[in-house]
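Heads up: the sequence lines are chains L and V, in that order.
Positions 1 to 110 (this note's numbering) are the ones given, in order, by the first sequence.
Positions 1001 to 1115 (this note's numbering) are the ones given, in order, by the second sequence.
For glycine and all other residues, C-beta sits at the position ideal for the given N, C-alpha and C.
Note that the structure is predicted; figures quoted are calculated from it, not measured.
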Amino acid sequence: DGGITQSPKYLFRKEGQNVTLSCEQNLNHDAMYWYRQDPGQGLRLIYYSQIVNDFQKGDIAEGYSVSREKKESFPLTVTSAQKNPTAFYLCASTEQNAQYFGPGTRLTVL
Amino acid sequence: GNSVTQMEGPVTLSEEAFLTINCTYTATGYPSLFWYVQYPGEGLQLLLKATKADDKGSNKGFEATYRKETTSFHLEKGSVQVSDSAVYFCALLNAGGTSYGKLTFGQGTILTVHP
Chain L
1 DGGITQSPKY LFRKEGQNVT LSCEQNLNHD AMYWYRQDPG QGLRLIYYSQ IVNDFQKGDI
61 AEGYSVSREK KESFPLTVTS AQKNPTAFYL CASTEQNAQY FGPGTRLTVL
Chain V
1001 GNSVTQMEGP VTLSEEAFLT INCTYTATGY PSLFWYVQYP GEGLQLLLKA TKADDKGSNK
1061 GFEATYRKET TSFHLEKGSV QVSDSAVYFC ALLNAGGTSY GKLTFGQGTI LTVHP
């Protein structure tokens, strides 16, 4: 089945550690996105990539980094510079002006 | 810039009641409009969309009409079910310029339906 997968579903990290969240899609979509969701709030865009080897900062890119070496993959690294990383992270890809989302990764910093 | 304003929640209804969740937007040009639904602990699912003025998006009994004159995209359902309990997000997408493909979301509306 085609779709977007994110792993792991739950992730725990100690303060000061970097952690990488996986996002893979087999939909052959060019554009991919990372969002952050905090309780009771909407989604905020972290980074997006329109094509392989290219990506752009979103509204809240500080403390995050991404890569786009393959069309299918768009991993997000939450660095120790991110001051408040505990959140629900959602990956998405785009086809025909509609975005489709993965199941999300819930990151908790201990 | 673009913005989306949703009806404040939470919304609590009895089963088979009529649902309206208001959504208004501010945008340049001619955005596409979307409603997404999020069930607890899950990602967002696209519920319906409309790409031009007067288009009506519909899915699973939900409907929304793209009203350019009132810059609105209100979500409606004639008879809600307990299984409709979720968070609903209105969003817009501007296809052009430097924000290509970037969705702007409302803050979300929590819907709870009681038997």
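**Request:** Return the chain-ordered list of same chain residues with a C-beta closer than 6 Å to the C-beta of residue 1009 (chain V), the five sequence neighbours on each side being excluded.
**Result:** 1109, 1110
Discussion item. Let me check one thing: in DSSP terms, what residues is residue 57 (chain L) bridge-paired to?
Written reply: L:47
Buried or exposed for residue 85 (chain L), going by 16 or more other Cβ atoms inside 10 Å?
buried
For residue 1014 (chain V), three-class secondary structure by DSSP: strand
Where the segment 93 to 105 of chain L meets chain V: residues whose CB sits under 8 Å from a CB there:
94, 97, 98, 99, 100, 101, 102, 103, 104
Note to self: Considering only their Cβ atoms, is the gap separating residue 89 (chain L) from residue 36 (chain L) smaller than 8 Å?
What the structure shows: yes
- Task: Just the chain V side, please: which residues come within less than 7 Å of residue 3 (chain L) by C-beta, in chain order?
- Result: Simply none; closest approach about 10 Å.
Alpha carbon to alpha carbon, what distance is there between residue 1094 (chain V) and residue 1031 (chain V)? 5 Å
query = With DSSP run on the structure shown, which of helix, strand or coil describes residue 1080 (chain V)?
reply = coil
Distance between residue 1002 (chain V) and residue 1086 (chain V) (C-alpha atoms, nearest Å) = 25 Å
Just the C-alpha distance for residue 7 (chain L) and residue 103 (chain L), rounded to the nearest angstrom, thanks.
9 Å
> Which stretch, first to last residue, makes up the beta strand (DSSP E) that contains residue 1087 (chain V)?
Replying inline: Residue 1087 (chain V) -> beta strand (DSSP E) spans 1086 to 1093.
Report task. Mind listing the chain V neighbours of residue 42 (chain L)? Cutoff is C-beta to C-beta under 7 Å, in chain order. Result -> 1089, 1105, 1106, 1107, 1108
Check your understanding: Is the Cβ of residue 48 (chain L) closer than 8 Å to any Cβ of chain V?
Key -> Yes, its Cβ sits closer than 8 Å to a Cβ of chain V.
Q: With 8 Å as the threshold, decide whether the Cβ of residue 21 (chain L) is near any Cβ in chain V.
A: Cβ-Cβ to chain V under 8 Å: no for residue 21 (chain L).
Of the residues L:82, L:97, L:73, L:108, the one placed nearest residue 91 (chain L), counting alpha carbons only
L:73
Is the Cβ of residue 1051 (chain V) closer than 8 Å to any Cβ of chain L?
yes
Ordered along the chain, which non-local residues of its own chain (more than five positions away) have a Cβ less than 8 Å from that of residue 1011 (chain V)? Within the same chain, 1019, 1021, 1109, 1110, 1111, 1112 come within 8 Å of residue 1011 (chain V) by CB-CB distance, once the 5 residues on both sides are set aside.
* So residue 23 (chain L) packs on residue 4 (chain L), CB below 8 Å; how close in whole Å? -> 7 Å
Nearest to residue 176 (chain L) by CA position, among L:21, L:95, L:63, is which residue?
-> One cannot answer for residue 176 (chain L) here, as it falls past the ends of chain L, which runs 1 to 110.
- Query: Buried or exposed: residue 1097 (chain V), going by 16 or more other Cβ atoms within 10 Å of its Cβ?
  - Reply: With a pLDDT of only 49 at residue 1097 (chain V), under 50, the local geometry of the prediction cannot be trusted, and no value is derived from it.
Checklist entry - residue 1056 (chain V) touches chain L at which residues, Cβ-Cβ below 8 Å? => result Listed along the chain, the chain L residues whose CB falls inside 8 Å of the CB of residue 1056 (chain V) amount to none; the nearest CB is some 16 Å away.
* Quick one: residues in its chain with C-beta nearer than 7 Å to the C-beta of residue 98 (chain L), no 5 flanking neighbours on either side, listed in chain order? => none
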